[in-house]
Every structure is written in structure tokens, then in C-alpha cells.
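*Asks:*
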Amino acid sequence: MLISHQNGIAFLTSVFATKWVIVPLLVIGCEGGPRGILVVQVSGGNEAREGIPRERFRDGYAVRYRHVVLELEGFFLASRDGERARIEVEPVVVELVPQPAQAFRIEGVPARRWDLVGFSSRPVPPNARLAQGVDQSIVERMRREGWSLYLEGTLIGRTPPRGEPGEIEFEFGIPVAVDYTECSSGDGTLGIVVVANTITQGEITWHLTHTWFDSFVENASLRGEAYAAAWPGRGPLLAEHLRTQLLSRLRGVDGGPLLDEEGNPIQYLPGMTGARTLREFLFSHRYAHWNGLDGECKSEIRILAP
Amino acid sequence: MGRQIALLFLALVALLWSCLVPGTGGRLVQVRLALQPRAREGQVLGRSQSIDPEPWSIEILEAKLIIGALYLFPPRPLFSWQALRLLFWLPPKALAHAGDDNEGGNAILEHLDQVVVDLLDPTPIDLGARLGESAVVDRASLWLDHPRGDLARMGASGPTRGHLAWVHLRAKRGFTCLEIRTGIDIPPTPLRRRVDRIRPERPKSLEEGMEVTFYIYPSDWFSEVDFNSLIPSGNKGDQPIQLELNAPSQFHNAWQIAMSQPSSYGLELRSPMTSTP
Chain A
72 MLISHQNGIA FLTSVFATKW VIVPLLVIGC EGGPRGILVV QVSGGNEARE GIPRERFRDG
132 YAVRYRHVVL ELEGFFLASR DGERARIEVE PVVVELVPQP AQAFRIEGVP ARRWDLVGFS
192 SRPVPPNARL AQGVDQSIVE RMRREGWSLY LEGTLIGRTP PRGEPGEIEF EFGIPVAVDY
252 TECSSGDGTL GIVVVANTIT QGEITWHLTH TWFDSFVENA SLRGEAYAAA WPGRGPLLAE
312 HLRTQLLSRL RGVDGGPLLD EEGNPIQYLP GMTGARTLRE FLFSHRYAHW NGLDGECKSE
372 IRILAP
Chain B
8 MGRQIALLFL ALVALLWSCL VPGTGGRLVQ VRLALQPRAR EGQVLGRSQS IDPEPWSIEI
68 LEAKLIIGAL YLFPPRPLFS WQALRLLFWL PPKALAHAGD DNEGGNAILE HLDQVVVDLL
128 DPTPIDLGAR LGESAVVDRA SLWLDHPRGD LARMGASGPT RGHLAWVHLR AKRGFTCLEI
188 RTGIDIPPTP LRRRVDRIRP ERPKSLEEGM EVTFYIYPSD WFSEVDFNSL IPSGNKGDQP
248 IQLELNAPSQ FHNAWQIAMS QPSSYGLELR SPMTSTP
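Residue numbers (our numbering), protein chains in the order written: chain A, 72 to 377; chain B, 8 to 284.
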């Protein structure tokens with residue numbers, strides 16, 4: 072049901088008069104006019120396809136991803152003038168390796184600029200739709216463990232206990248609820264313009280380098296050794312293993328203090344996240360950009376398994 | 008009848024809307040603002056233990072910190088679509104991307120003068136009366152500052168020896184005793200210097216005559232320092248070891264992380280009528 076504002080007020084007043092219900096409020100933000108189709112794709116970029124080469128890490132590690140699986144829901148379009156597109160999307164689980172996935176195809180979207188774009192990522196609910204290429208067993212594990220994001224791959228570099236070159240498999244389940252709001256595109260424009268009678272593409276860019284950032288303030292570098300050093304030596308490296316890495320006492324793969332090139336202790340900066348361990352630090356990362364890596368969203372994150 | 012219902016409905020919408028947009032009262036109230044170092048329950052101010060399996064006993068002998076500014080913030084405004092989300096029974100959310108500046112916006116109370124805090128003195132530092140906006144206090148921020156003005160001119164003879172903070176502490180384990188003197192500096196960028204999301208013990212609205220107290224909990228700021236690594240090789244353990252540390256070091260990393268945590272601070276809003284929290 073799409074009706075104009077003025078008509079909407081008259082309509083809901085009449086409904087309220089007869090039914091005494093609050094549902095009339097639902098019509099706020101609706102409008103008629105031309106429409107288009109919005110397709111929202113999620114991409115893990117080059118990192119999902121090719122991994123992250125050692126040149127990009129400050130400490131010479133490299134990463135390959137085998138699975139990047141995430142849940143998305145609550146996609147919305149609104150505007151600062153009070154309109155809200157009446158769209159509904161069901162929760163979806165997508166796999167970003169080796170290629171981008173389509174998360175949502177939304178038809179009948181009023182054609183205009185929607186300058187408030189947002190979406191959420193939550194632990195996988197029972198009714199989530201599985202996009203093409205998603206491993207059912209991973210989804211079941213995510214659902215069971217309360218994860219909204221699952222990262223699986225290989226960390227390549229020095230390994231404990233003596234720092235020999237090697238590979239460490241990692242399986243990080245991330246139990247967080249994140250809301251991304253007020254997304255601006257990489258070109259600096261707000262939200263998205265839905266064009267009439269055609270298909271408009273939007274992209275959530277899931278920037279996989281964030282996992283390896285060493286700072287929540289400025290000038291973050293990518294580092295792998297603090298993660299490698301937490302590996303117990305058998306099986307995959309899990310997020311739980313990162314509990315042993317206090318940010319104030321980070322260990323290197325040789326068991327000693329984690330030092331930089333000049334021999335100084337490496338400082339991970341948790342900023343406002345309040346993280347005290349590498350596990351909390353990992354869980355605090357936000358990944359989503361909008362329409363390119365320069366597109367930013369505001370976000371709020373809640374760690375669901377402290 | 009229809010007109011009355013329409014009016015009733017419009018009143019309902021207005022009421023709902025007013026609930027969704029906090030901090031809009033605009034009424035100014037005068038409150039008293041204070042800073043106070045404090046020990047956590049069951050602790051002694053300035054004393055703690057390290058987290059090691061064989062813990063070190065830590066006693067802070069002198070500690071000074073410069074606070075540059077204090078801010079109180081109302082709940083985040085629920086503008087337009089966010090209000091609609093609430094109406095649609097969806098959880099309202101809006102904060103920031105990591106690396107972006109989360110805070111700012113409309114503070115309902117601020118204090119912008121530098122204050123040097125003696126972290127071992129539990130006497131409240133009265134910052135005087137301040138005008139604030141009558142709104143619910145959701146969270147607070149404070150700014151860790153380097154010396155400015157007269158404090159800067161005092162340089163190394165100042166209370167923080169020219170640093171953002173200064174400490175002289177003693178760490179003991181068995182016969183080994185370390186006495187450490189050092190200062191800390193943090194680059195002057197908002198995300199490094201500001202401590203955000205300090206929550207009030209109980210959310211309340213600012214009201215006339217209220218006492219607003221920021222607490223600082225310094226006792227366990229050094230509990231994650233690796234004192235073992237500071238023992239000089241060949242130490243006999245019969246004399247206190249005097250150390251003057253320079254950053255960067257593990258000591259400074261641990262200190263900065265602890266000092267920058269919102270949990271190292273507290274906020275109490277005390278109503279004038281009850282004089283209780």
C-alpha cells in the first residue's frame with residue numbers, strides 16, 4: 072500500500088477513529104510515483120578472491136580466505152525529509168568467497184535519492200535465506216554459536232613456538248550485532264539514487280583487511296603475529312584462543328613480547344571499544360563500506376558473547 | 008466525534024515524537040561539577056596487585072593526571088528514520104564506524120578548563136557551578152590533556168613533569184622491590200585522548216542543584232604491567248631498584264590502555280533533594 076502523506080493522514084485518522092489501533096503510523100514515509108528495482112550486492116573485494124599479500128602486512132604475514140560468511144538483514148532506505156521506503160527484506164546469509172553475492176533484490180522502490188541507507192548484521196536467525204553458494208554446515212554452526220560473521224582461512228607467516236615459517240588455519244566466529252546507518256557512497260554522496268524503471272545497483276563492500284588492523288584510532292596497520300602467537304599448535308586458530316592475548320602484554324610467536332622493528336612493544340590501540348584482549352579487539356571490528364571502500368557508514372556494534 | 012478523535016490522534020503523535028527526541032527541553036539548570044579519585048569497593052586507593060600468577064604488590068606513591076575537558080551527552084537523538092524504526096518496533100541504533108569520531112554533537116554540559124588531579128587524594132575537586140541543559144544524561148566523555156598555559160611553562164617542575172600524567176610507584180614481590188618514576192604522553196588526536204562512553208551509575212536528568220561527580224579509578228592502572236621484565240639482570244634483590252622509564256615500553260602501553268578505558272572512570276548524578284545517588 073503506497074499513499075501520499077496528505078492522503079495518508081486522512082486515511083490513518085479514519086482507521087484510528089474506527090479501529091483504535093496504532094497501525095496508521097505505518098504509512099508515514101510512503102509515496103507514490105515512479106519506481107525502480109534496487110539490487111544490493113555484497114563484495115569481499117580482492118581480498119576475498121586473492122587473499123591479502125604479505126606486502127600489505129606490516130609484519131610480513133599473508134592471509135587467504137576460504138570462507139567469509141555473513142548475515143545481513145534490516146536493509147532500509149529513508150530520507151532526511153522524513154520519507155521511508157516501504158521495503159521489506161528477509162534475513163539472508165551470503166558467502167563472499169570467491170565472488171560477490173547478491174543479498175537483496177527489491178522491486179517497486181520509489182525512484183528518488185534515498186539519503187539514509189542502512190542495514191544490520193545479526194546472528195543467523197532460523198528463518199534466514201541462504202544465498203547461492205553458502206555452505207549449509209557453516210550456517211548451522213553460525214546459528215548454533217550465535218555468530219553473525221564467520222571467517223575461515225589461512226594465516227601465512229611465522230608460527231609458534233620458534234617462529235618458523237608456516238601456515239595456520241583460522242576459523243573465527245564473530246558473535247556480534249552490528250547496525251550500519253547513514254551510509255555514504257565512495258563518491259561522497261549520501262545513500263543512493265534509485266532510478267525509475269531500471270535496475271539500480273548498490274554494493275556493501277565487506278572490507279576484509281579490517282580483521283588485521285592494529286588500531287581503532289588513526290594509522291592502523293595490518294598485523295598477523297599477535298594472532299599467530301595465540302595458536303595453540305594443533306587444530307585451527309579460534310577466536311577463543313585470542314583470550315590469552317592481553318593487549319597490554321602481547322606475545323610474539325617465540326613466546327616473548329611482541330616487538331616492532333625497533334624492538335619496542337607493539338601497541339594495539341582499542342580506542343573507544345574498551346577491548347582488553349585480542350579476542351575483544353577482533354570482535355570490535357566493523358567491516359561494511361557502501362558503494363566502494365571510500366563509502367562509510369555510521370555503525371553500532373554489540374558483542375553478544377563477552 | 009471524528010474531529011475529537013483526530014485531535015486525540017495528533018496529540019498522541021506529538022507525544023510520541025517528543026519522547027523520541029531527547030534533550031530538546033532547552034531549559035538550563037545549574038549543577039555543581041566535581042572530579043574525585045576513588046578506590047573500587049574493597050580496594051585501597053592507589054594499591055593493587057599485578058595479574059601475574061605470582062602477583063606483585065603495587066603501591067602508587069605519587070600520581071598526577073591532567074584532565075582537559077569534561078562533557079555530558081544526552082541519549083543519541085532519534086531523528087527521522089530512526090524514530091520511524093522505533094515506531095515500527097525496530098531497535099534504534101546509530102553510532103559510528105571504527106576509526107571515525109563517535110562523539111561530539113550536542114553536549115548538555117561541558118567543562119573546558121584544565122584540571123590537575125592528584126590521583127591519591129580522594130577529596131572531591133570542586134569544579135564549580137556549571138550551566139547545563141535539562142536532559143537525561145546518557146554518557147560522558149573526558150579529555151586527557153597535556154599541560155597548557157602556566158602548566159606548560161612549568162615544564163619538568165610541574166606536577167606532571169611536563170607530561171599528560173606522571174606516576175611514582177613501588178612494586179614489590181618477595182625481596183624484589185622496584186621503584187618506578189615515569190610520565191606518559193598521548194598524541195593529541197581526539198580518538199586517542201578522549202575517553203568516551205562513561206556511563207552514569209544511574210541514568211538521570213540534569214536538574215537544578217544537582218551534584219555531578221566524575222570518578223577516577225586509578226588503582227589498577229598498572230596491574231597489567233609486566234614488572235618481571237623490568238628487573239635488571241644480575242639483580243641481588245637486597246635494594247630497591249630505582250627505574251626511570253621512557254616510552255615506548257610495555258609499562259606505558261599497559262598504562263595507556265588502562266587509563267583510556269571507560270571503565271576506569273565513573274559518573275554519579277546526585278539529586279539535591281535527597282543528597283544521595
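Glycine is no exception: its CB is placed at the ideal position from the N, C-alpha and C atoms. Here the structure is a predicted model, which is why all the values come from computation and not from measurement.
#1: State the Cα-Cα distance for the pair B/LYS243 and A/VAL195, rounded to the nearest angstrom.
#2: Does A/PRO196 come within less than 8 Å of chain B when only Cβ atoms are used?
#3: Spatial neighbours of B/ASP132 within its chain, please: CB distance less than 8 Å, with the 5 preceding and 5 following residues excluded, ordered by chain position.
#4: By the 10 Å Cβ neighbour count, where 16 or more other Cβ atoms means buried, how is A/THR282 classified, buried or exposed?
#5: For the segment 239-263 of chain B, list every residue whose C-beta sits within 7 Å of some C-beta in chain A, in sequence order.
#6: Would A/ALA299 and A/PRO231 qualify as a contact pair, given that the criterion is a beta-carbon distance under 8 Å?
#7: Check distances from the C-beta atoms of the segment 207-235 of chain B to those of chain A and list, in chain order, the residues that come in under 8 Å.
#8: On the DSSP bridge assignment, give the partners of A/THR276 in chain order.
#9: Could you tell me the distance, in whole angstroms, from the CA atom of B/ALA178 to the CA atom of B/LEU185?
#10: Is A/PRO169 near A/SER114, with beta carbons less than 8 Å apart?
#11: DSSP on B/GLY288, reduced to helix/strand/coil?
#12: Measure from the C-beta of A/VAL324 to each C-beta in chain B and report whether the shortest distance is under 8 Å.
#13: Return the bridge partner residues of A/PRO336 from the DSSP annotation.
#14: Please return the same chain residues whose Cβ sits closer than 6 Å to the Cβ of B/VAL232, not counting the five positions on each side in sequence.
#15: Taking only beta-carbon atoms, is A/PRO377 less than 8 Å away from chain B?
#16: Take B/ALA205 and list the residues in its own chain whose beta-carbon comes closer than 8 Å to its own, dropping the five residues that flank it on each side.
#17: Would you call the segment 342-361 of chain A and the segment 272-286 of chain A in contact, with 3 or more CB pairs under 8 Å?
#18: Which same chain residues, not among the five before or five after B/PRO129, have their C-beta less than 7 Å away from its C-beta?
#19: What does A/PRO328 reach in chain B if we use C-beta pairs closer than 8 Å?
#20: Would you mind reading off the limits of the beta strand (DSSP E) that contains A/VAL210?
#21: Counting only the same chain and skipping the five closest in sequence on each side, list residues whose C-beta sits under 7 Å from that of A/ALA88.
#22: Looking at the strands, I want to know which residues DSSP matches up with A/ALA393.
#23: Can you confirm whether the segment 187-205 of chain A touches the segment 248-264 of chain A when touching is taken to mean that 3 or more C-beta pairs between the two stretches lie within less than 8 Å?
#24: Compare the Cα-Cα distances from B/LEU276 to each of B/LEU158, B/GLU215, B/LEU68, B/ILE193 and report the closest residue.
#25: Measure from the alpha carbon of A/ASP285 to the alpha carbon of each residue in A/LEU321, A/LEU201, A/THR315, then state which is nearest.
#26: Within the same chain, show all residues whose beta-carbon is closer than 8 Å to that of A/SER219, passing over the 5 residues directly before and after it, in chain order.
#27: For B/PRO239 and A/SER292, I'd like the C-alpha separation in whole angstroms.
#28: Hey, would you say A/ALA199 sits closer than 8 Å to A/VAL163, going by beta carbons?
#29: Report the neighbours of B/PRO195 on chain A: residues whose CB is nearer than 7 Å to its CB, in chain order.
#30: Which runs of the beta strand (DSSP E) at least 3 residues long sit entirely within the segment 235-289 of chain A? Give them in chain order.
#31: Leaving out five residues before and five after B/GLU69 in sequence, what residues of the same chain have Cβ atoms less than 6 Å from its Cβ?
#32: Could you name the residues of chain B that A/GLN207 contacts, counting a contact when the two beta carbons are closer than 7 Å?
#33: Between the C-alpha atoms of B/ALA101 and B/PRO194, what's the straight-line distance to the nearest angstrom?
#34: Using a cut-off of 7 Å between C-beta atoms, extract the partners of B/PRO81 located in chain A.
#35: Any heavy atom of the ligand MG closer than 7 Å to the Cβ of A/ALA359?
#36: Output, in chain order, the set of chain A residues within a Cβ distance shorter than 9 Å of B/ARG199.
*Replies:* Reading it off the structure:
#1: As a first step, residue 243 of chain B must be located in the second sequence, where it is residue number 236. As a first step, residue 195 of chain A must be located in the first sequence, where it is residue number 124. Cα to Cα, the separation comes out at about 59 Å.
#2: Working through the first sequence from its first residue, we reach residue 196 of chain A at position 125. Not one chain B Cβ lies under 8 Å of A/PRO196.
#3: For this step, residue 132 of chain B is matched to residue 125 along the second sequence. According to the sequence as given, residue 132 of chain B is Ile; it is not Asp. Hits under 8 Å: ALA41, LEU42, GLN43, VAL122, VAL124.
#4: Translated into positions along the first sequence, residue 282 of chain A becomes position 211. Burial of A/THR282 is indicated by the presence of at least 16 other C-beta atoms within 10 angstroms of its C-beta.
#5: PRO255, SER256, GLN257, ASN260, ALA261
#6: In the first sequence, residue 299 of chain A corresponds to position 228, counting from 1. In the first sequence, residue 231 of chain A corresponds to position 160, counting from 1. Against a cut-off of 8 Å, the Cβ pair of A/PRO231 and A/ALA299 comes out as a contact.
#7: Of all residues in the segment 207-235 of chain B, those with a C-beta nearer than 8 Å to a C-beta of chain A are GLU231, VAL232, ASP233, reading in chain order.
#8: Working through the first sequence from its first residue, we reach residue 276 of chain A at position 205. Answer is A/SER114, A/HIS360.
#9: What you label residue 178 of chain B is simply residue 171 of the second sequence in a count that begins at 1. What you label residue 185 of chain B is simply residue 178 of the second sequence in a count that begins at 1. Their backbone Cα atoms lie some 5 Å apart in a straight line.
#10: Position 98 of the first sequence holds residue 169 of chain A. Position 43 of the first sequence holds residue 114 of chain A. By the CB criterion at 8 Å, A/PRO169 and A/SER114 fall outside the cutoff.
#11: Here chain B covers residues 8 to 284 and nothing more, so residue 288 of chain B does not appear.
#12: The residue given as residue 324 of chain A occupies position 253 in the first sequence. It does not; no Cβ of chain B falls within 8 Å.
#13: As a working mapping, residue 336 of chain A is identified with position 265 in the first sequence. The partner list for A/PRO336 (beta bridge, DSSP) reads A/LEU330.
#14: Here residue 232 of chain B refers to the residue found at position 225 of the second sequence. Contacts found: PHE258, ALA261.
#15: In the first sequence, the residue the question calls residue 377 of chain A occupies position 306. No, its Cβ sits nowhere closer than 8 Å to a Cβ of chain B.
#16: Position 198 of the second sequence holds residue 205 of chain B. As written in the sequence, residue 205 of chain B is Ile, which differs from the Ala given in the question. Correct list, in chain order: ARG146, ALA147, SER148, LEU149, PHE221, PRO269, TYR272, GLY273, LEU274.
#17: yes
#18: Here residue 129 of chain B refers to the residue found at position 122 of the second sequence. Contacts found: GLN43, PRO44, ARG45, LEU52.
#19: For the purposes of this step, residue 328 of chain A is taken as the residue at position 257 of the first sequence. Within 8 Å Cβ-Cβ: ASP233, SER236, GLN257.
#20: The sequence position of residue 210 of chain A within the first sequence is 139, counting from 1. From DSSP, A/VAL210 is part of no beta strand (DSSP E) but of the alpha helix (DSSP H) over 207-216.
#21: Residue 88 of chain A sits at position 17 when you count from the first residue of the first sequence. Legend: pLDDT at A/ALA88 = 45, less than 50; position of this residue unreliable, no value from coordinates given.
#22: Since the first residue of chain A shown is 72 and the last is 377, residue 393 of chain A is not available in this structure.
#23: yes
#24: Counting from 1 along the second sequence, the entry for residue 276 of chain B is found at position 269. Nearest of B/LEU158, B/GLU215, B/LEU68, B/ILE193 to B/LEU276, Cα basis: B/GLU215.
#25: For the purposes of this step, residue 285 of chain A is taken as residue 214 along the first sequence, with counting starting at 1. When each option's Cα is compared against that of A/ASP285, the closest is A/LEU321.
#26: The sequence position of residue 219 of chain A within the first sequence is 148, counting from 1. Within the same chain, A/SER219 has close Cβ partners LEU141, GLU142, SER192, ARG193, PRO194, VAL195, MET213, ILE245, PRO246, VAL247, ALA248, VAL249.
#27: By one-based count along the second sequence, residue 239 of chain B stands at place 232. By one-based count along the first sequence, residue 292 of chain A stands at place 221. C-alpha separation (whole angstroms): 32 Å.
#28: Taking the first residue of the first sequence as position 1, residue 199 of chain A is located at position 128. Taking the first residue of the first sequence as position 1, residue 163 of chain A is located at position 92. Result yes, Cβ atoms of A/ALA199 and A/VAL163 sit closer than 8 Å.
#29: Counting from 1 along the second sequence, the entry for residue 195 of chain B is found at position 188. Those within 7 Å of B/PRO195 in chain A number zero; the least Cβ separation is about 12 Å.
#30: 235-245, 247-252, 270-277
#31: Taking the first residue of the second sequence as position 1, residue 69 of chain B is located at position 62. Non-local C-beta neighbours of B/GLU69 in its own chain, meaning closer than 6 Å and more than five positions away in sequence, comprise HIS175, ordered along the chain.
#32: As a working mapping, residue 207 of chain A is identified with position 136 in the first sequence. Residues of chain B passing the Cβ test: none, with the nearest at roughly 29 Å.
#33: In the second sequence, residue 101 of chain B corresponds to position 94, counting from 1. In the second sequence, residue 194 of chain B corresponds to position 187, counting from 1. Per-residue confidence for B/ALA101 stands at a pLDDT of 32, beneath the threshold of 50, marking its modelled position as unreliable; the derived number appears in the next sentence. Near 28 Å, if we compare the C-alpha coordinates of B/PRO194 and B/ALA101.
#34: The residue given as residue 81 of chain B occupies position 74 in the second sequence. By Cβ distance, chain A contributes nothing, its closest Cβ being about 16 Å from B/PRO81, past 7 Å.
#35: Looking for the ligand MG in the displayed structure turns up nothing, as the structure carries no ligands at all.
#36: On the second sequence, position 192 is the one that residue 199 of chain B refers to. Result: VAL288, GLU289, LEU340, GLY342.
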